[in-house]
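> The structure follows.
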Amino acid sequence: GALLSTVDLVTDIVMIIDYFGSEGQEHYGRILLAMVLSCLLLQLLLVYGQNKKVPKIAAREALWVLVGLKPVVDAYRVAAGKEMEKHQIFYPLFELSLSKGCEIFAEALPGSVLQLYALLDTMVRGNELSRVAVGSIISCIVTTGFTSAVISYDFDTDPGARLTAPHFYGFIPDNAELRSVMFILLTLSSASLLAARSLSTALLIMVDP
13 GALLSTVDLV
23 TDIVMIIDYF
33 GSEGQEHYGR
43 ILLAMVLSCL
53 LLQLLLVYGQ
63 NKKVPKIAAR
73 EALWVLVGLK
83 PVVDAYRVAA
93 GKEMEKHQIF
103 YPLFELSLSK
113 GCEIFAEALP
123 GSVLQLYALL
133 DTMVRGNELS
143 RVAVGSIISC
153 IVTTGFTSAV
163 ISYDFDTDPG
173 ARLTAPHFYG
183 FIPDNAELRS
193 VMFILLTLSS
203 ASLLAARSLS
213 TALLIMVDP
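This is the structure we're talking about:
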């Protein structure tokens, strides 16, 4: 999942460069760049709020955000069972979820709509279809579907959450094989919903902004 997030960021950067290098598509590049920067800004604010009492740690965490490795670091901490430190506000799983939420809200959702709209606009104009653009859209949709599934899965299978709120948590069964099936279905469900809604929104914008 962390690798998918990093790949998604890289494909977005590639698309920004591609848009700026294509005549008549520079505005797409500017909008996508604004989305990526807003995502980084939100994650930096999260890092600052989490570690503001220890500036050295805050600076280190900000560096992870700027080099695009924040998802990898967060995933490692959750997988390793790291505990919340004294200066922090959120425990690692919640920080991971908030960071992913920033990514989905600022970059993945609007980015998928923008890139689908740009692709449809290219097709309408009769220009050659970009495989890079298609790959970037698929990457964005799959990553977002996976991320949404991870957030649901992690919270639902958390023993503490199931103990304190059994009426809300616990829809994922206590069976390894069934959990794997459920996770795959959650990912496919989220990704397909995002693809359908993004395509619908892009088509509506093309017809009447």
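The sequence shown begins at 13 in our numbering and counts up by one.
By construction, the Cβ of each residue, glycine as well, lies at the ideal position given by its N, Cα and C atoms.
Predicted model, so just to flag it, every value in this text is computed and none were measured.
#1: Residue 83: which of 158, 96, 128 sits nearest, CA to CA?
#2: Between residue 55 and the rest of its own chain, which residues show a CB-CB distance below 7 Å, the 5 nearest in sequence each way excluded?
#3: Between the alpha carbons of residue 62 and residue 139, how many angstroms are there, rounded?
#4: By alpha-carbon positions, which one of 182, 130, 100, 87 ends up nearest to residue 70?
#5: Taking the beta carbon of residue 222 as the centre, do at least 16 other beta carbons fall within 10 Å, making it buried, or is it exposed?
#6: State the Cα-Cα distance for the pair residue 86 and residue 105, rounded to the nearest angstrom.
#7: Would you decide whether residue 162 is buried or exposed? Buried here means 16 or more other CB atoms lie within 10 Å of its CB.
#8: Pick out whichever of 192, 160, 46, 95 has its Cα sitting closest to the Cα of residue 122.
#9: Between the region 139–148 and the region 22–41, do at least 3 Cβ pairs fall closer than 8 Å?
#10: What three-state label does DSSP hand residue 64 in the structure shown?
#11: Which of the three DSSP states is assigned to residue 124 in this structure?
#12: Can residue 27 and residue 148 be called in contact, C-beta distance under 8 Å?
#13: For residue 38, count the other beta carbons within 10 Å of its own beta carbon; 16 or more makes it buried, fewer makes it exposed. Which is it?
#14: Rounded to a whole number of angstroms, what is the C-alpha to C-alpha distance between residue 207 and residue 153?
#15: Could you check the C-alpha separation between residue 29 and residue 92 for me, to the nearest Å?
#16: For residue 179 and residue 42, what's the separation of their Cα atoms in angstroms?
#17: Expressed to the nearest angstrom, what Euclidean distance is found between the alpha-carbon atoms of residue 79 and residue 24?
#18: Which residue from 216, 60, 68, 190 puts its Cα closest to that of residue 128?
#19: Determine the extent of the alpha helix (DSSP H) in which residue 184 is found, giving its start and end residues.
So, to answer that:
#1: 158
#2: 77, 82, 111, 114
#3: 47 Å
#4: 100
#5: As displayed, the chain neither begins before 13 nor continues past 221, which places residue 222 out of reach and without an answer.
#6: 8 Å
#7: buried
#8: 46
#9: yes
#10: Coil.
#11: Three-state DSSP puts residue 124 in a helix.
#12: yes
#13: exposed
#14: 6 Å
#15: 36 Å
#16: Their Cα atoms are separated by approximately 46 Å.
#17: 14 Å
#18: 216
#19: From DSSP, residue 184 is part of no alpha helix (DSSP H); its letter is neither H nor E.
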